[in-house]
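K.L.:
Submitted below is the structure of interest, expressed as structure tokens.
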Amino acid sequence: MRIKHNSSMASKDGSTLETFHIHFENSYSRLPEKFYARVAPTPAPSPQLIKLNLQLAKELGLDSDGLATPEGIEVLAGSRVATGSEPLAMAYAGHQFGYFVRQLGDGRANLLGEVIGRDGVRYDIQLKGSGRTPFSRNGDGRATLAAVMREYIVSEAMSVLGVPTTRALAVVATGQPVFREAALPGAVLTRVATSHLRVGTFQYFLAKGDVEGIRTLAEYAIARHYPEAAFAPRRYRALLDGVIARQAKLVAQWMLLGFIHGVMNTDNTSISGETIDYGPCAFMEAYDPKTVFSSIDHQGRYSYSNQPHALHWNLTRLAESLLPLLVEEEGSDEAGLASAHAALEQFGVQFEAARDAGMREKLGLTAEYVGDTELAADLLNRMAENRADYTLTFRRLCDAAADVNGARGVRVLFAEPAAFDAWEVLWRQRLMKEQISPEERAARMRRVNPVFIPRNHLVEAALQAATEQQDFQPFEALLDALAHPYNDSPGMDRYSTPARPEEYVHQTFCGT
Ligand code: AMP
Ligand code: MG
């Protein structure tokens with residue numbers, strides 16, 4: 000699917016009027032009007048292209064040369080509506096920190112349309128930070144350059160790490176300040192997702208008592224994300240099962256990487272099973288399951304270790320929203336409720352299975368033995384007690400697997416190195432149960448234990464250089480390191496080591 004950069008057409012006054020075409024194949028826009036508000040993005044005064052994701056453009060079959068022209072940049076800034084685009088703001092509701100809001104919706108985003116990627120998959124192309132919509136409430140509809148760059152860095156890092164996620168196609172500075180704690184440069188992110196359906200989208204129709212809306216949405220979600228459910232004897236139960244399975248696996252992947260989402264509201268829990276909404280997210284450094292980064296999360300609702308519980312809670316809200324359809328499907332209230340409960344019960348089982356399988360890989364265990372889960376938990380406890388860096392502990396454990404002397408690099412990460420030594424003995428005993436060479440084991444471990452993750456102080460430094468000095472070099476350099484998260488290369492220590500105390504960033508702000 001190409002973007003055609005059409006030749007100029009003369010307008011009445013003799014000036015040229017460029018049109019810009021993207022081969023959109025819009026489906027959301029065909030849904031009933033109650034699903035969205037048709038609204039075009041608000042033009043930006045002087046758009047400046049900060050970043051274009053050439054690789055992603057290629058995967059989407061978009062013409063990156065065209066996107067980098069002044070007309071293409073205007074499209075990415077929301078200043079020009081490409082032909083084929085049917086811009087709209089999606090309606091949704093959501094629980095925010097446990098409190099239900101009947102109407103949230105895209106208050107600062109426009110879905111431009113959908114394209115079919117080279118992989119045959121349908122993708123939403125959305126602008127975020129592109130001005131007010133009927134869902135803006137008191138918001139300005141805008142986003143800061145720093146927040147947009149943060150989402151670009153972290154979502155692209157997650158993608159390379161193999162985590163299902165929305166992607167970032169472009170960052171365009173608007174040339175207009177946005178007013179937060181101070182006047183800050185504004186920007187628009189072009190976000191790509193297999194869809195922007197959320198748990199909150201279902202809640203929106205439940206809150207209105209609109210069962211036909213729920214059904215239409217469920218059918219749309221099935222067609223787009225769970226086509227196999229269409230053939231299941233109980234299609235809506237199959238949809239619920241599908242979302243639960245993908246989300247259980249997703250949160251396990253986050254946990255295995257030390258990732259903290261930070262704002263797991265139901266409007267930020269996607270139906271496709273992708274990570275969405277990179278606000279106050281961060282990767283943990285010193286391992287502590289109670290870690291919270293978000294400046295507004297006073298109760299620790301979305302702390303590292305609470306993430307599976309928060310997600311189960313959100314999925315319960317999804318099951319509730321689907322309940323009218325499950326009741327119909329089962330023929331009675333009791334049976335419908337039992338179906339929802341049975342689906343939700345699978346969450347814990349699937350999360351633990353994904354987590355345990357992932358942990359075995361991180362520890363270099365190829366087979367499954369009784370006691371593996373406890374072995375991993377024991378290491379994590381010792382890491383927590385000794386403030387060991389999460390990412391480096393596992394990365395250096397690869398060296399320890401290759402060679403006994405490699406363990407030196409791991410033990411120094413522990414406040415009390417003997418705490419690691421005691422665990423190492425148990426680990427080596429367990430490794431002896433498997434016939435695999437140390438080199439092979441280390442190589443496998445290095446494919447799942449990254450050396451480079453977007454450490455918060457590096458992210459903040461890159462954003463600061465960009466917003467305060469218009470220096471985008473640190474941003475580009477960080478992106479380069481994160482593009483190869485498993486390849487340790489010399490001279491890159493700055494990107495692999497934890498923040499020094501004076502560099503440590505304790506909080507990430509919703510200051511979006
Ligand atoms: P978020 O915290 O980004 O998930 O956003 C929650 C809700 O607030 C969504 O409905 C957003 O569209 C809306 N929102 C967030 N920031 C703004 C803003 N600056 N202007 C308008 N709406 C916003
Ligand atoms: Mg959101």
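Under numbering that gives the first Met the number 0, the first residue of the sequence shown is numbered 0, with each subsequent residue one higher. In this text, a Cβ means the ideal position worked out from N, Cα and C, and glycines have one as well. All figures in this text were calculated on a predicted structure; none of them were measured in a lab.
What did DSSP end up calling glycine 174 once you bin it into helix, strand or coil?
P.N.:
Within the sequence shown, the letter at position 175 stands for residue 174. Residue state, collapsed to three classes: strand.
K.L.:
Can you pull the DSSP bridge partners for methionine 89?
P.N.:
Working through the sequence shown from its first residue, we reach residue 89 at position 90. Tyr35.
K.L.:
Leaving out five residues before and five after aspartate 139 in sequence, what residues of the same chain have Cβ atoms less than 8 Å from its Cβ?
P.N.:
Position 140 of the sequence shown, counting from 1, holds the residue named residue 139. The residues are Arg107, Arg131, Val177, Phe178.
K.L.:
Determine the DSSP secondary structure at methionine 148, reduced to helix, strand or coil.
P.N.:
Within the sequence shown, numbered from 1, the residue matching residue 148 stands at position 149. Three-state result, methionine 148: helix.
K.L.:
Identify the residues that DSSP records as bridge partners of arginine 121: which are they?
P.N.:
Along the sequence shown, read from residue 1 onward, the residue named residue 121 stands at position 122. Paired residues: Ile115.
K.L.:
Report yes if the C-beta of glutamine 95 is less than 8 Å from at least one heavy atom of the ligand AMP; otherwise report no.
P.N.:
Taking the first residue of the sequence shown as position 1, residue 95 is located at position 96. At least one heavy atom of the ligand AMP is nearer than 8 Å to the Cβ of glutamine 95, so yes.
K.L.:
For threonine 496, which residues does DSSP report across the bridge?
P.N.:
In the sequence shown, counting from the first residue as 1, residue 496 sits at position 497. DSSP, once it has assigned bridges, lists no residue as partnering threonine 496.
K.L.:
Between Val191, Ser304, Met358, Asp398, which has its C-alpha nearest valine 120's C-alpha?
P.N.:
Start at 1 with the first residue of the sequence shown, and residue 120 comes out as number 121. Nearest of Val191, Ser304, Met358, Asp398 to valine 120, Cα basis: Val191.
K.L.:
Leaving out the 5 sequence neighbours to the left and right, which residues in its chain are closer than 6 Å to isoleucine 49 when beta-carbon positions are compared?
P.N.:
The residue you call residue 49 lines up with position 50 of the sequence shown. Contacts found: Val170, Ala172.
K.L.:
Roughly how many whole angstroms lie between the Cα atoms of phenylalanine 571 and tyrosine 98?
P.N.:
With the chain running from 0 to 511 in the structure shown, residue 571 is simply not present.
K.L.:
Can you name the start and end residues of the alpha helix (DSSP H) that leucine 188 belongs to?
P.N.:
Within the sequence shown, the letter at position 189 stands for residue 188. No alpha helix (DSSP H) holds leucine 188; the beta strand (DSSP E) holding it covers 182-192.
K.L.:
Checking 9 Å against the spacing of the C-beta atoms, do threonine 164 and glutamate 273 come in under that value?
P.N.:
For the purposes of this step, residue 164 is taken as the residue at position 165 of the sequence shown. For the purposes of this step, residue 273 is taken as the residue at position 274 of the sequence shown. For threonine 164 and glutamate 273, yes; Cβs fall inside 9 Å.
K.L.:
Are there any heavy atoms of the ligand MG lying less than 8 Å away from the beta-carbon of aspartate 296, as far as the coordinates show?
P.N.:
In the sequence shown, counting from the first residue as 1, residue 296 sits at position 297. No, since every heavy atom of the ligand MG falls outside the 8 Å radius drawn around the Cβ of aspartate 296.
K.L.:
Leaving out five residues before and five after glutamate 459 in sequence, what residues of the same chain have Cβ atoms less than 7 Å from its Cβ?
P.N.:
Within the sequence shown, numbered from 1, the residue matching residue 459 stands at position 460. For glutamate 459, where only same-chain residues beyond five positions count, the Cβ hits under 7 Å are Val504.
K.L.:
Could you check how far apart the C-beta atoms of leucine 477 and alanine 461 are, in whole angstroms? I think they sit under 8 Å.
P.N.:
For this step, residue 477 is matched to residue 478 along the sequence shown. For this step, residue 461 is matched to residue 462 along the sequence shown. The pair is a contact, with the Cβ atoms about 5 Å apart (cut-off 8 Å).
K.L.:
Can you tell me whether serine 6 is helix, strand or coil according to DSSP?
P.N.:
Reading the sequence shown from its first residue, position 7 is the one you call residue 6. At serine 6 the pLDDT is 36, less than 50, meaning the model places this residue with poor confidence; the figure from the coordinates comes in the next sentence. Residue state, collapsed to three classes: coil.
K.L.:
Once DSSP output is grouped into helix, strand and coil, what is the label at glutamine 102?
P.N.:
In the sequence shown, counting from the first residue as 1, residue 102 sits at position 103. Reduced to three states, the DSSP call for glutamine 102 is coil.
K.L.:
Three-state secondary structure (DSSP) at isoleucine 565?
P.N.:
Within the shown structure, residues of the chain are numbered from 0 to 511, placing residue 565 beyond reach of any answer.
K.L.:
Is alanine 142 near the ligand AMP, judged by its Cβ being under 8 Å from some heavy atom?
P.N.:
Residue 142 sits at position 143 when you count from the first residue of the sequence shown. Yes, since a heavy atom of the ligand AMP falls inside the 8 Å radius drawn around the Cβ of alanine 142.
K.L.:
Measuring from each Cβ to the nearest heavy atom of the ligand MG, keep the ones under 6 Å and list them in chain order.
P.N.:
Counting every residue whose Cβ lies closer than 6 Å to a heavy atom of the ligand MG, we get Asp266, Asn267, Asp276.
K.L.:
By the DSSP assignment, the beta strand (DSSP E) with glutamine 47 in it spans what residues?
P.N.:
For the purposes of this step, residue 47 is taken as the residue at position 48 of the sequence shown. Unbroken beta strand (DSSP E) run through glutamine 47: 47-51.
K.L.:
Residues in the same chain with beta-carbon distance under 6 Å from aspartate 355, minus the five sequence neighbours each way, listed in chain order, please.
P.N.:
Numbered from 1 along the sequence shown, position 356 holds the residue referred to as residue 355. Thr372.
K.L.:
Reducing DSSP to helix, strand and coil, say where glutamate 502 ends up.
P.N.:
Residue 502 sits at position 503 when you count from the first residue of the sequence shown. Correct three-state label for glutamate 502: coil.
K.L.:
So, with DSSP's three-state summary, where would you put lysine 248?
P.N.:
In the sequence shown, counting from the first residue as 1, residue 248 sits at position 249. In this structure, lysine 248 counts as helix in the three-state DSSP scheme.
K.L.:
For a test of the three-state rule: what should DSSP assign to aspartate 240, helix, strand or coil?
P.N.:
By 1-based counting over the sequence shown, the position of residue 240 is 241. Note: aspartate 240 maps to helix in three-state DSSP.
K.L.:
Taking 8 Å as the cut-off, is the CB of leucine 103 close to at least one heavy atom of the ligand AMP?
P.N.:
If you number the sequence shown from 1, residue 103 lands on position 104. Yes, the beta carbon of leucine 103 sits closer than 8 Å to at least one heavy atom of the ligand AMP.
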